[in-house]
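Protein chains in written order, with the working numbering: chain H, 107 to 396; chain S, 1460 to 1691.
Quick look at the structure:
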C-alpha cells in the first residue's frame, strides 16, 4: 500500500512538473529559444504573490489573478525589448542572456527578500486530504494541481491546434521567413508566446509556493525538472510533457520510498535512462531538419 | 496610374548586389512577366518587393504610396502577396491550414476557402492531409491558393514551373490565366519563357540585375528575347 501511495503521489507531483515544463516547451517549439531563467521566473512569480498577499491582503490563490497578468505582460515586454533581438543568431546568445536574467532575478530577490525561506498560505486547503480507502489518501491541493495541469494543457492544445494564433505558432516554427510573407508578424507572435509561457510558469510558481517553502535560489532546480519532463515526454508534444512530468514525479517519490535521500537521484537516473534509450523522448513528433 | 511603380531599385542578396537600378511598372489588372536566366536577380526582385529583403536604393510605390522598407507582414496588409519560389508549404500544417494561414491578416475580398477549393478541387479532396504529402504540382497549387487567400491586390508569383513536369506547368499557367481574367493583378517571374508569355500582357527580361528588354510579347521577336535573356 505504501508503494501504491508513492506512485499516486508521484503521478500528482507530475502535474506540477508539467506546469513548469509546458511554457519551456512552448517557447522552444515556437522560436527555438532556450529560456534558462524559466525556473527563476516561476520563483519570481511566487515572490510577487508573497507581496500581493501582504500588501493587498489576498488569499494566495486569488493572488494568481494579479500575478499571472503581470508576469504575462512582463514576458511580452521582455520578448519585444530584449529577446527578439537575439533570434536568428543561433541558440547561444539567448542561452547567455537568459542565464544572465537568472542571475539577476536570484540576486534581486536575495537583496529584496533576504535568504529566508518563504511560503504561501492559502488557509487550509494545502493540508486537507481525501481518503481513497485502504489507507490511501491524496491531498486536495495535489489533486487540484494535477487537474489544473490537465485543463491548462488541454486549453493550450486547443489553442495551438484549432485557432488562427495556434496555426501561426506552428507555421512560424516550421519556417519563420515564409510565415512573415503570409502576413505573420513573428516578433509580435513571439511576444505573445513568451507572455503565455510566463503566465503558465507563474501559475506553477504560485502552486509550488503553496505546496512547499521556497527561497530566492529555488529556480534552477525547477528548470532542471522542467527540462527533464520535456525531454522525457519528447519535444513538441504537450501531452508528452504531462507524461514526462508524471514519469519524473513517480521516479522521485518511489525513489524516496526506497531511501529518503534517493528521490531526486532516482528522477535523474530515470531521465538519463530515457535519454539513453529514446533520445528523442517518448512522444516526440518527428520533424524534418533542414 | 500604375498600381506598382518601381524606380531605380537596387538590392542585395547577402553581400552580393543582385539588382542594379531596376525600373518597372504594373498597372491594375495587368499581368506582367519577368523572365531571365538563373542569377539574373528575378527572385531577389520579388523578395524585395514583398519586403523579405531590404531596398538598398530606389523607390517602390504601391497604390501611389511609398512602401520601400516596410516589413513583409505589413505589405500583406497593403495587398502585396508573394507565392515564394520552391512553394514553401508549412510541413506541420494540413492543406486546409496552409490555406488558412494565407488569410491570417483577414483582408476582405473575393477569395475564400470555398472559392480556392473550386479553383483547385484536388486540394478540397486532400484538405486534411499534411501539405507536404501532396505532389509537387499539387503543392504549387496549394502555394498559389494560399497566396490568393490573402486577397492580394498584387500577386507576386515566383517560378511556378520549378521542378514540375511540362504538362503540370501548362495546367498551372491556365489557372493563372483564369485568375487573371477574374481581375487579379499579377507579377510573374519565370525562367521557362514559353508558358509565361501566354499569360503576360507585358514582359521584362532581366540580365545580371538590370532590365535588358521590355515590351509586349507580340512586339518582341524570339531573337530579341533570346539576346536579352542570354546576352548577345
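Backbone N, C-alpha and C define an ideal beta-carbon position, used for all residues, glycine too. All values derive from a computational prediction rather than experimental measurement.
If we count the other Cβ atoms within 10 Å of its Cβ and call it buried at 16 or more, is residue i buried or exposed?
i	result
residue 227 (chain H)	exposed
residue 143 (chain H)	buried
residue 291 (chain H)	buried
residue 217 (chain H)	exposed
residue 122 (chain H)	buried
residue 223 (chain H)	exposed
residue 220 (chain H)	exposed
residue 394 (chain H)	Since pLDDT at residue 394 (chain H) reaches only 39, below the 50 mark, its modelled position is unreliable, and the value read off the structure follows with that caveat. Exposed.
residue 319 (chain H)	exposed
residue 209 (chain H)	exposed
residue 396 (chain H)	Only weak support exists for where residue 396 (chain H) lies, its pLDDT of 33 falling under 50; the coordinates are left without a value.
residue 1564 (chain S)	buried
residue 55 (chain H)	Only positions 107 to 396 of chain H appear in this structure, which leaves residue 55 (chain H) out of reach.
residue 1620 (chain S)	buried
residue 197 (chain H)	exposed
residue 1626 (chain S)	exposed
residue 264 (chain H)	exposed
residue 1569 (chain S)	exposed
residue 171 (chain H)	exposed
residue 1592 (chain S)	exposed
residue 1590 (chain S)	buried
residue 1475 (chain S)	exposed
List, in chain order, every chain H residue whose beta-carbon is nearer than 7 angstroms to that of residue i.
i	result
residue 1547 (chain S)	281, 284
From the DSSP output, in three-state form, read off residue i for me.
i	result
residue 1648 (chain S)	strand
residue 303 (chain H)	helix
residue 396 (chain H)	Any reading at residue 396 (chain H) must be qualified, since the residue scores a pLDDT of 33, below 50, and its modelled position is unreliable; no value is offered.
residue 169 (chain H)	helix
residue 251 (chain H)	helix
residue 1661 (chain S)	strand
residue 236 (chain H)	strand
residue 1519 (chain S)	strand
residue 1588 (chain S)	coil
residue 1558 (chain S)	helix
residue 347 (chain H)	helix
residue 139 (chain H)	coil
residue 268 (chain H)	helix
residue 1481 (chain S)	strand
residue 1653 (chain S)	helix
residue 1690 (chain S)	coil
residue 1621 (chain S)	coil
residue 1666 (chain S)	strand
residue 1593 (chain S)	coil
residue 389 (chain H)	coil
residue 205 (chain H)	helix
residue 1511 (chain S)	coil
residue 117 (chain H)	helix
residue 196 (chain H)	coil
Quick one: which chain S residues come within Cβ less than 8 angstroms of residue i?
i	result
residue 193 (chain H)	The premise fails here: residue 193 (chain H) is roughly 15 angstroms from chain S at the closest Cβ pair, so nothing lies under 8 angstroms.
residue 270 (chain H)	1559, 1563
Thinking residue i and residue j are a contact (beta carbons under 8 angstroms), I'd like their distance in whole angstroms, please.
i	j	result
residue 1491 (chain S)	residue 1661 (chain S)	5 angstroms
residue 1540 (chain S)	residue 1609 (chain S)	4 angstroms
residue 177 (chain H)	residue 308 (chain H)	4 angstroms
residue 280 (chain H)	residue 1550 (chain S)	6 angstroms
residue 389 (chain H)	residue 325 (chain H)	No, residue 389 (chain H) and residue 325 (chain H) are not in contact; Cβ-Cβ is about 27 angstroms, not under 8 angstroms.
residue 130 (chain H)	residue 299 (chain H)	Wrong, their Cβ atoms sit about 12 angstroms apart, outside the cutoff.
residue 1595 (chain S)	residue 1623 (chain S)	5 angstroms
residue 1598 (chain S)	residue 1548 (chain S)	5 angstroms
Are the beta-carbon atoms belonging to residue i and residue j less than 9 angstroms from one another?
i	j	result
residue 1692 (chain S)	residue 1606 (chain S)	With chain S running from 1460 to 1691 in the structure shown, residue 1692 (chain S) is simply not present.
residue 180 (chain H)	residue 303 (chain H)	no
residue 301 (chain H)	residue 285 (chain H)	no
residue 1522 (chain S)	residue 1462 (chain S)	yes
residue 336 (chain H)	residue 127 (chain H)	yes
residue 150 (chain H)	residue 311 (chain H)	yes
residue 297 (chain H)	residue 190 (chain H)	yes
residue 1538 (chain S)	residue 1468 (chain S)	no
residue 1514 (chain S)	residue 1501 (chain S)	no
residue 1612 (chain S)	residue 1644 (chain S)	yes
residue 1481 (chain S)	residue 1669 (chain S)	yes
residue 351 (chain H)	residue 132 (chain H)	no
residue 360 (chain H)	residue 113 (chain H)	yes
residue 1688 (chain S)	residue 1655 (chain S)	no
Just the chain H side, please: which residues come within less than 8 angstroms of residue i by C-beta, in chain order?
i	result
residue 1560 (chain S)	273, 274, 277, 285, 288, 290
residue 1535 (chain S)	287, 288, 289
Since residue i meets chain H, which of its residues come closer than 9 angstroms, beta carbon to beta carbon?
i	result
residue 1543 (chain S)	283, 284, 287
residue 1589 (chain S)	What residue 1589 (chain S) touches in chain H: nothing, since even the nearest Cβ is about 11 angstroms away.
residue 1527 (chain S)	Those do not exist, as residue 1527 (chain S) stays about 17 angstroms from chain H at its closest Cβ, beyond 9 angstroms.
Got a sec: does the ligand MG put a non-hydrogen atom nearer than 8 angstroms to the Cβ of residue i?
i	result
residue 262 (chain H)	Absence of the ligand MG is noted for the structure shown, with no ligands found whatsoever.
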